[in-house]
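Visitor: So that you can map any letter, position 83 of the sequence shown is 83 in our numbering, and since no number is skipped, the others follow by simple counting. This is the structure I have questions about; it appears just below.
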Amino acid sequence: MKKLTKDKRQSLKHGDLFSRVASLITQSKQRVSTIVNQELTLLYWNIGRLIKQDILKNKRARYGEQIITKLSKKLTEEFGAGWSKPQLWNCLYTVETFRSMKILSTLSRELSWSHLKELIYLKDKLQRTFYTQMSITEKWSVRQLRERIDSMLYERTVISKKPEKLIQKELANMREKNKVSHDLIFRDPYVLDFLNLSDSFSEKDLENAIVSELQRFIIELGTDFAFLARQKKITIDGEDYRMDLLFYHRKLKRLVVIDLKLGKFKPAYKAQMELYLNWLNENEKTSGEETPIGLILGADKSEEHIKLLTLDKGNIRVAQYLTALPSKKLLQQKLKQAIRIANKKF
1 MKKLTKDKRQ
11 SLKHGDLFSR
21 VASLITQSKQ
31 RVSTIVNQEL
41 TLLYWNIGRL
51 IKQDILKNKR
61 ARYGEQIITK
71 LSKKLTEEFG
81 AGWSKPQLWN
91 CLYTVETFRS
101 MKILSTLSRE
111 LSWSHLKELI
121 YLKDKLQRTF
131 YTQMSITEKW
141 SVRQLRERID
151 SMLYERTVIS
161 KKPEKLIQKE
171 LANMREKNKV
181 SHDLIFRDPY
191 VLDFLNLSDS
201 FSEKDLENAI
211 VSELQRFIIE
221 LGTDFAFLAR
231 QKKITIDGED
241 YRMDLLFYHR
251 KLKRLVVIDL
261 KLGKFKPAYK
271 AQMELYLNWL
281 NENEKTSGEE
291 TPIGLILGAD
301 KSEEHIKLLT
311 LDKGNIRVAQ
321 YLTALPSKKL
331 LQQKLKQAIR
341 IANKKF
């Protein structure tokens, strides 16, 4: 075995020293950034509190607009840019959304002021809690948070179709125990407009497009999905079968099979998926992992079949994919209808 020369040994030592010093600098910058963000967020909250008190004192609806206009002008003259009317409205909405300074202080350790500005304009409390916890858990950037709100991710997540108490329970588990359920992970529909598929395509075309745009597909699935294989071959009784896509979900600690289908859902798809999941459970599941789960992704769901086959209660989920992004109005109508149908089951 060759001995290291003196120069090489010195070079390695210097490299190690650099890494340790660089790590200290990075950690210190992160702490400073967190402290500055907390201070700014609490400053904005307190400004909002004072504005709210002044508005309530005068008990005039139009007074709010007047006071914010005047205050913005005076603050800008005194302190420069950063005190526009929209910013002061942000301050006011922050104190109206987060009544407790303690809760906001805790959130500001994990989320930037820019994140919070996106969240304060969400009127539905459960919806806001969902995006808040997902932003923390999946470490979304502000841009990612905005995109997910615009794509109506909450409404497309299975959890949104459950009764309010169950939603609150699952969000509490995610917040307090960092525990996620199937219903927080799976969505319906999945929007795959980035695949740029033609009007007529085959299952193979769909699979090829997904693999070539794998990074964007995983973003639509959720950041905790890790891609393992495509067309994974298994042999049972001398007969070969192939799973379209195989993933691993880090938080669920499960293998996830995704089967791609064209047209309407058929009962035979359930049996096929059960075969895959049972094989994985016996042959691929390792110590510490949970039972594998499956997602059948098709162009149409066939709600009555899914209900009769009780696919909404086991380890198999069925979801629709959209290869073109519909208008927000149409998507809202579709999701509201799905929520109404789901609520009839409870």
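Glycine residues also receive a C-beta, built at the ideal position from the N, C-alpha and C atoms. Source: prediction; values computed, not measured.
Just reading off the beta strand (DSSP E) that TRP235 is part of, what are its end residues?
Guide: Note that residue 235 is Thr in the sequence shown here, rather than Trp. Its beta strand (DSSP E) spans residues 225–236.
Visitor: Runs of 4 residues minimum, wholly inside the region 256–291: which ones carry the alpha helix (DSSP H) assignment?
Guide: Runs of the alpha helix (DSSP H) inside the region 256–291: 267–283.
Visitor: How is THR157 classed by DSSP in three states: helix, strand or coil?
Guide: Three-state DSSP puts THR157 in a strand.
Visitor: Give me the Cβ distance between ILE120 and THR94, rounded to the nearest whole Å; I'm assuming they're in contact under 8 Å.
Guide: About 5 Å separates the two Cβ atoms, so the contact holds.
Visitor: Could you check how far apart the C-beta atoms of LYS251 and GLU289 are, in whole angstroms? I think they sit under 8 Å.
Guide: That pair is no contact at about 12 Å.
Visitor: The alpha helix (DSSP H) that contains ASP205, what's its start and end?
Guide: It spans 203–212 - the alpha helix (DSSP H) in which ASP205 sits, taken as one unbroken run.
Visitor: Apply the 10 Å Cβ neighbour rule to ARG156 and answer buried if 16 or more other Cβ atoms are within range, or exposed otherwise.
Guide: With 16 or more Cβ atoms within 10 Å of its Cβ, ARG156 is classed as buried.
Visitor: Between the beta-carbon of SER135 and the beta-carbon of LEU111, is there less than 7 Å?
Guide: Cβ atoms of SER135 and LEU111: closer than 7 Å.
Visitor: With a Cβ-Cβ cutoff of 7 Å, do PRO292 and LEU277 count as a contact?
Guide: Yes, Cβ-Cβ distance for PRO292 and LEU277 is below 7 Å.
Visitor: By how many angstroms is the C-alpha of LEU297 removed from the C-alpha of PHE225?
Guide: Approximately 16 Å between the Cα atoms of the pair.
Visitor: So, for LYS85: in the same chain, excluding its five sequence neighbours on each side, which residues have a beta-carbon less than 7 Å away from its beta-carbon?
Guide: Counting only Cβ-Cβ distances below 7 Å, and skipping sequence neighbours, we find ILE68, THR69, SER72.
Visitor: At the level of alpha carbons, what is the spacing between SER100 and LEU145?
Guide: Cα to Cα, SER100 sits roughly 23 Å from LEU145.
Visitor: Just how far apart, CA to CA, sit LEU104 and SER33?
Guide: If I take the Cα positions, the gap works out to 16 Å.
Visitor: Excluding the 5 residues flanking ILE47 on each side, which residues of the same chain have their C-beta closer than 6 Å to its C-beta?
Guide: Within the same chain, ILE47 has close Cβ partners CYS91.
Visitor: At which residues does the alpha helix (DSSP H) containing VAL318 begin and terminate?
Guide: Taken as a continuous stretch (DSSP letters only), VAL318 belongs to no alpha helix (DSSP H), being part of the beta strand (DSSP E) at 316–322.
Visitor: Applying the 10 Å Cβ sphere with the 16-neighbour rule, what's the burial state of SER141?
Guide: Answer is exposed; the Cβ neighbour count stays below 16.
Visitor: Alpha helix (DSSP H) containing GLU303: first to last residue?
Guide: Taken as a continuous stretch (DSSP letters only), the alpha helix (DSSP H) holding GLU303 covers 303–308.
Visitor: Under a three-way DSSP split, which group does MET243 fall into?
Guide: Reduced to three states, the DSSP call for MET243 is strand.
Visitor: With a threshold of 6 Å on Cβ separation, who are the neighbours of LEU192 within its own chain once the five nearest residues in sequence on each side are excluded?
Guide: Excluding sequence neighbours, LEU192 sits near TYR321, THR323.
Visitor: Is the beta carbon of ARG216 less than 7 Å from the beta carbon of PHE194?
Guide: For ARG216 and PHE194, yes; Cβs fall inside 7 Å.
Visitor: Quick check: the Cα distance between LEU295 and ASP16, rounded to an integer number of angstroms?
Guide: Between LEU295 and ASP16, the C-alpha separation is close to 46 Å.
Visitor: Grouping DSSP H, G and I as helix and E and B as strand, with all else coil, what is LEU107?
Guide: Here LEU107 sits in helix by DSSP.
Visitor: Helix or strand or just coil, what does DSSP make of GLY294?
Guide: Reduced to three states, the DSSP call for GLY294 is strand.
Visitor: Nearest by alpha-carbon distance to ASP150: which of THR97, GLU220, ASN196 is it?
Guide: Checking every option, the nearest Cα to that of ASP150 belongs to GLU220.
Visitor: Whose C-alpha, out of THR223, GLY222, LEU228, is nearest the C-alpha of VAL211?
Guide: Comparing Cα positions, the closest option is LEU228.
Visitor: Run through the region 35–100 for me and flag every whole alpha helix (DSSP H) of 4 or more residues, listed as ranges in chain order.
Guide: If we require 4 residues or more, the alpha helix (DSSP H) runs fully inside the region 35–100 come out as 63–79, 85–97.
Visitor: May I have the straight-line CA-CA distance separating ILE25 from GLN272, to the nearest angstrom?
Guide: Distance between the alpha carbons of ILE25 and GLN272: 54 Å.
Visitor: Between which residues of its own chain and LYS261 is the CB-CB distance below 8 Å, once the five residues before and five after are set aside?
Guide: Within the same chain, LYS261 has close Cβ partners GLU203, TYR269, ILE296, LEU297, GLY298, ALA299.
Visitor: For a test of the three-state rule: what should DSSP assign to TYR190, helix, strand or coil?
Guide: DSSP places TYR190 in strand when its eight states are reduced to three.
Visitor: Provide the residue(s) that pair with TYR248 in DSSP beta bridges, ordered along the chain.
Guide: DSSP, once it has assigned bridges, lists ALA226, LEU255 as partnering TYR248.
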